[in-house]
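Engineer: Structure in structure tokens, see below.
There are 2 protein chains.
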Amino acid sequence: MGRWEPNARGRLAEAALELYVERGYEQTTVAEIAKRAGLTERTFFRHFADKREVLFSGSEALREHLVNAVAGAPDSAAPIAAVTAAFEEVGVLFQEDRERVLRRQSVISANAELRERELIKLAWWSAALADTLRRRGVADPAASLAAEAGVAAFKIAFERWVGGPGEPGLSQLIRESFGELKTVVAGG
Amino acid sequence: MGRWEPNARGRLAEAALELYVERGYEQTTVAEIAKRAGLTERTFFRHFADKREVLFSGSEALREHLVNAVAGAPDSAAPIAAVTAAFEEVGVLFQEDRERVLRRQSVISANAELRERELIKLAWWSAALADTLRRRGVADPAASLAAEAGVAAFKIAFERWVGGPGEPGLSQLIRESFGELKTVVAGG
């Protein structure tokens with residue numbers, strides 16, 4: 065088998081997700097993932113550090129997307145507005161890929177270690193957003209609080225979206241979640 | 065050595081913290097902790113699952129404290145007010161024990177695995193607070209959002225308090241953090 069395989073990364077990620085859903089995450093080996101994808105274990109390890117990282121390989125791109133959206137927000141945008149808009153963009157991406165996102169989430173929910181990894185991912189997003197706001201001249205604690213509030217609103221909207229029929233879409237649920245956070249924090 | 069040792073748990077926890085600060089968390093063994101405390105490894109494992117759990121043995125009591133404070137808030141209290149008051153109480157406890165809290169935090173900060181465990185602790189507090197609010201009749205997503213907002217405001221206040229001189233006290237920083245969160249979320 066040659067060194068270069070067309071879309072090896074995508075094939076491995078899809079094979080892994082299929083197997084995690086069919087057999088469970090713990091029960092699936094890297095050898096089985098490679099076999100299902102028609103590739104070698106060696107190829108797997110050229111793309112992913114381990115079987116857990118297959119599930120989190122998109123996190124960095126999403127973090128970049130969030131950071132770029134906040135960095136590119138109009139100068140006049142309040143920190144929370146920049147953060148809300150960034151998460152709404154991510155909402156659109158998730159909506160377009162709902163079927164895969166739900167399969168991934170069913171695997172995460174079934175495993176304590178993966179649920180913890182997911183929390184760490186959100187904390188990492190929050191830290192990146194706070195950094196980006198500081199680079200825009202937002203002082204702390206406002207930068208950190210806006211980032212934390214954004215992640216909290218996203219997290220709750222995401223849970224509702226995963227548990228619901230997919231309509232209203234995630235972007236709308238994120239907007240609603242920010243609105244409800246505003247009411248809640250104001251003491252209403 | 066008898067089965068019963070006066071304040072074995074407290075002595076082990078203090079010995080562990082001393083050693084983690086002196087030598088580093090990774091470099092310290094359970095045998096060394098037991099020896100420093102003048103106790104046996106067997107006694108250590110009667111009190112703690114492993115050397116990591118020594119650092120998180122207070123988390124459950126704090127979670128209970130938060131839950132009881134929210135459960136006991138006046139019926140008229142808005143969810144965010146009940147959550148704020150609960151965290152202010154925890155702020156008083158931390159303030160009284162600042163020296164030990166700071167030593168513990170220096171150990172946590174130096175180790176990625178411990179920082180992750182700390183995030184998971186906060187998520188667990190948030191889930192417990194949301195449950196308590198739901199039992200008080202607060203609907204979701206308001207219950208989850210109030211809990212998440214509370215944890216976010218506490219987290220930022222705690223970081224400021226750890227990095228500062230200890231005055232203003234943690235309770236006051238928590239109150240300020242909630243006030244700033246309100247301003248930030250309102251888009252100000």
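Chains as they are written, first to last, in our numbering: chain A, 65 to 252; chain B, 65 to 252. Ideal Cβ placement from N, Cα and C applies to all residues, glycine included.
Closer than 9 Å by beta-carbon distance: list the chain C residues that pair up with residue 183 (chain B), in chain order.
Structural biologist: Absent from the structure is chain C; the protein chains it does hold are A and B.
Engineer: Residues of chain B with CB under 8 Å from residue 155 (chain A), in chain order?
Structural biologist: In chain order: nothing, as chain B lies at least about 15 Å away.
Engineer: What are the start and end residues of the alpha helix (DSSP H) that includes residue 175 (chain B)?
Structural biologist: Premise fails: residue 175 (chain B) is in no alpha helix (DSSP H) and is neither H nor E.
Engineer: If you pair each beta-carbon of the region 142 to 159 of chain B with each one of the region 150 to 163 of chain A, do three or more pairs fall below 8 Å?
Structural biologist: No, the region 142 to 159 of chain B is not in contact with the region 150 to 163 of chain A.
Engineer: Classify residue 173 (chain B) as buried or exposed, calling it buried when 16 or more other Cβ atoms lie within 10 Å of its own Cβ.
Structural biologist: The residue is exposed, with fewer than 16 neighbouring Cβ atoms inside 10 Å.
Engineer: Chain B beta carbons: is any one of them nearer than 8 Å to that of residue 241 (chain A)?
Structural biologist: With 8 Å as the cut-off, residue 241 (chain A) counts as an interface residue toward chain B.
Engineer: Which residues in chain A sit within 7 Å of residue 177 (chain B), going by Cβ to Cβ distance?
Structural biologist: Neighbours of residue 177 (chain B) on chain A: none; closest Cβ ~11 Å, over 7 Å.
Engineer: Which residues, in order along the region 219 to 232 of chain B, keep a beta-carbon less than 9 Å from a beta-carbon of chain A?
Structural biologist: Cβ contacts with chain A: 219, 220, 221, 223 and 224.
Engineer: Shortest alpha-carbon distance to residue 124 (chain A) belongs to which of A:106, A:191, A:171 and A:109?
Structural biologist: Checked all of A:106, A:191, A:171 and A:109; the closest Cα to residue 124 (chain A) is A:191.
Engineer: Does the beta carbon of residue 142 (chain B) come closer than 8 Å to any beta carbon on chain A?
Structural biologist: Answer yes: the Cβ-Cβ gap between residue 142 (chain B) and chain A drops below 8 Å somewhere.
Engineer: Determine the chain A residues that contact residue 244 (chain B) at a beta-carbon separation under 8 Å, and present them in chain order.
Structural biologist: What residue 244 (chain B) touches in chain A: 205, 206 and 209.
Engineer: Anything in chain A within Cβ reach of residue 248 (chain B), meaning under 7 Å, just list it in chain order.
Structural biologist: Result: 143, 144, 206, 209, 210 and 213.
Engineer: Tell whether a beta-carbon distance below 8 Å holds between residue 225 (chain B) and residue 127 (chain B).
Structural biologist: Cβ atoms of residue 225 (chain B) and residue 127 (chain B): not closer than 8 Å.
Engineer: Would you mind listing the alpha helix (DSSP H) stretches within the region 115 to 191 of chain A that are 4+ residues and don't spill past its ends, in chain order?
Structural biologist: If we require 4 residues or more, the alpha helix (DSSP H) runs fully inside the region 115 to 191 of chain A come out as 123 to 135, 143 to 160 and 162 to 173.
Engineer: Among the candidates A:78, A:177 and A:69, whose CA atom is the shortest distance from the CA of residue 167 (chain A)?
Structural biologist: Cα-wise, what sits closest to residue 167 (chain A) is A:78.
Engineer: Assuming residue 84 (chain B) is part of the alpha helix (DSSP H), what are its boundary residues?
Structural biologist: Run containing residue 84 (chain B): 72 to 87, per the alpha helix (DSSP H) assignment.
Engineer: Using a Cβ-Cβ distance cut-off of 8 Å, determine whether residue 88 (chain B) contacts chain A.
Structural biologist: Cβ-Cβ to chain A under 8 Å: no for residue 88 (chain B).
Engineer: Using beta-carbon positions only, say whether residue 73 (chain B) and residue 111 (chain B) come within less than 8 Å of one another.
Structural biologist: The answer is yes: Cβ separation under 8 Å.
Engineer: Under the three-state reduction of DSSP, which class applies to residue 94 (chain A): helix, strand or coil?
Structural biologist: Looking at residue 94 (chain A) - three-state DSSP - the assignment turns out to be helix.
Engineer: I want to see whether chain B comes within less than 8 Å of residue 74 (chain A), judged by CB atoms only; does it?
Structural biologist: Chain B, which has no Cβ nearer than 8 Å to the Cβ of residue 74 (chain A), makes this no.
Engineer: For residue 153 (chain A) and residue 136 (chain B), what's the separation of their Cα atoms in angstroms?
Structural biologist: Rounded to whole angstroms, residue 153 (chain A) to residue 136 (chain B) spans 40 Å at the Cα level.
Engineer: Is it right to say residue 148 (chain B) is buried, meaning 16 or more other beta carbons lie within 10 angstroms of its own, or is it exposed?
Structural biologist: Buried, because 16 or more other Cβ atoms sit within 10 Å of the Cβ of residue 148 (chain B).
Engineer: Tell me the DSSP secondary structure of residue 112 (chain A) in three-state form.
Structural biologist: Residue state, collapsed to three classes: coil.
Engineer: Interface residues of chain A around residue 216 (chain B) at Cβ under 7 Å?
Structural biologist: By Cβ distance, chain A contributes 209, 212, 213 and 216.
Engineer: Using only the alpha-carbon positions, how far apart do residue 65 (chain A) and residue 205 (chain B) sit?
Structural biologist: Only weak support is given to the placement of residue 65 (chain A): the predicted model assigns it a pLDDT of 48, under 50, and the value that follows is read from those uncertain coordinates. The alpha-carbon atoms of residue 65 (chain A) and residue 205 (chain B) are separated by roughly 52 Å.
Engineer: With 16 other CB atoms within 10 Å as the buried threshold, where does residue 109 (chain A) fall?
Structural biologist: Result: exposed.
Engineer: Could you tell me if residue 244 (chain A) is buried or exposed, where buried requires 16 or more neighbouring beta carbons within 10 angstroms of its beta carbon?
Structural biologist: By the 10 Å Cβ count, residue 244 (chain A) comes out buried.
Engineer: Residues of chain B with CB closer than 7 Å to the CB of residue 251 (chain A), please, in chain order.
Structural biologist: Here the neighbours are 142, 144 and 145.
Engineer: Going along the chain, which residues of its own chain have a beta-carbon closer than 6 Å to the beta-carbon of residue 89 (chain B), five neighbours each way excluded?
Structural biologist: Contacts found: 171 and 175.
Engineer: Along the chain, where does the alpha helix (DSSP H) containing residue 224 (chain A) start, and where does it finish?
Structural biologist: Residue 224 (chain A) -> alpha helix (DSSP H) spans 206 to 227.
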